[in-house]
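Below, the structure is given as structure tokens:
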């Protein structure tokens, strides 16, 4: 025992061991990515923080266990204490164009209506917030805004300093044209009017600082997609489809639209999987076009109940298969956004503290 205690643990030895631990998504080691912070050594005991690229990191447990296994190879190692923190990387074009309000922007799209795109948007945003991220939700479905009903809020706070103050529920800030027009007023906007409306919802709102702005787009491949890509640099787009081949064909058109607009595809979500609509078209589409399949959400009546009552399924039924699937998909989306954001240059740069 005394011989073991005489083996002084050094910072060099610890960092050398941790340099063998890889971030499974970024495919670089934790040391070169500058993800090891606050390293302290007291005798043979070691403590440090792993600085993740997102609080919703799906590989957090794996990286911690890999780090413990690597340090166990150091002779005489004592107690190892590991904490986690996160510093979401900033999308470069966003920072240049809009400052530090939004670190990343995620468009939720579908090739056609009726696939549950808004439901996915709401539950993904809440899931990211539940995991510790600062999240905003923009209801850019100008022609059929329904996010407020799903979030259980019917009005915004009063404006301050000539800025709109977003509503907030379940840890998510959100804004919608539904707050600004009468419920029975038809919204028939195109071209410049649509461009102006989306721009105002982005720039005339006091969003604060967000890790992720989730944008619920109208279905299809029309003016809203083009406008959004013009006024807001997008970290990427998530495409929602149903399990049938006809729905996947529509989803493909949405994917190709974003590719033409130079917007990366984060991945595909298959919604309403089950006996009624079947399963598999989303995963097949992702495989055929070398795109990430983010997961499938089973058909569940509680999803409809939650949307109608203003209590989304990840809040009202957190242990349901649908909620668990959405929670996991949110983590996959966050991980993919980190990869895309840090891969904007030809090589990864170390993850620095931004704030």
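Residue numbers (our numbering): -10 to 344.
Glycine included, each C-beta is placed from N, C-alpha and C at the ideal position.
Inter-stretch contact at 8 Å, needing at least 3 Cβ pairs: the segment 80 to 89 / the segment 29 to 42: no
Buried or exposed (CB count within 10 angstroms, at least 16 for buried), residue 28: exposed
Simplified DSSP assignment, three categories, for residue 50: helix
CA-to-CA distance, residue 83 to residue 163, given in whole angstroms: 19 Å
Unbroken stretches of the beta strand (DSSP E), 3 residues or longer, contained in the segment 279 to 314: 282 to 287
The segment 98 to 108 contacting the segment 236 to 246, beta-carbon criterion three pairs below 8 Å: yes
Option in 192, 34 and 129 with minimal Cα separation from residue 2: 34
Supposed close pair residue 105, residue 229 - CB separation, criterion 8 Å: 7 Å
Segment limits, alpha helix (DSSP H) that includes residue 247: 234 to 249
Separation of residue 224 from residue 331, as counted between CA atoms: 10 Å
Distance CB(residue 75)-CB(residue 128) smaller than 9 Å: no
For residue 229, the three-state DSSP class (helix, strand or coil): strand
For residue 27, three-class secondary structure by DSSP: strand
With 16 other Cβ atoms within 10 Å as the buried cut-off, status of residue 293: exposed
Residue span of the beta strand (DSSP E) that contains residue 158, given as start and end: 156 to 158
Residue 152 (DSSP reduced to helix, strand or coil): strand
CB of residue 319 within 9 Å of CB of residue 112, strictly: yes
Classification of residue 108 by the beta-carbon crowding that lies within 10 angstroms, buried from 16 upward: buried
Of the listed residues 160, 147, 32 and 159, nearest to residue 168 (C-alpha basis): 147
Assumed close pair residue 114, residue 161 - CB separation to whole angstroms, cut-off 8 Å: 5 Å
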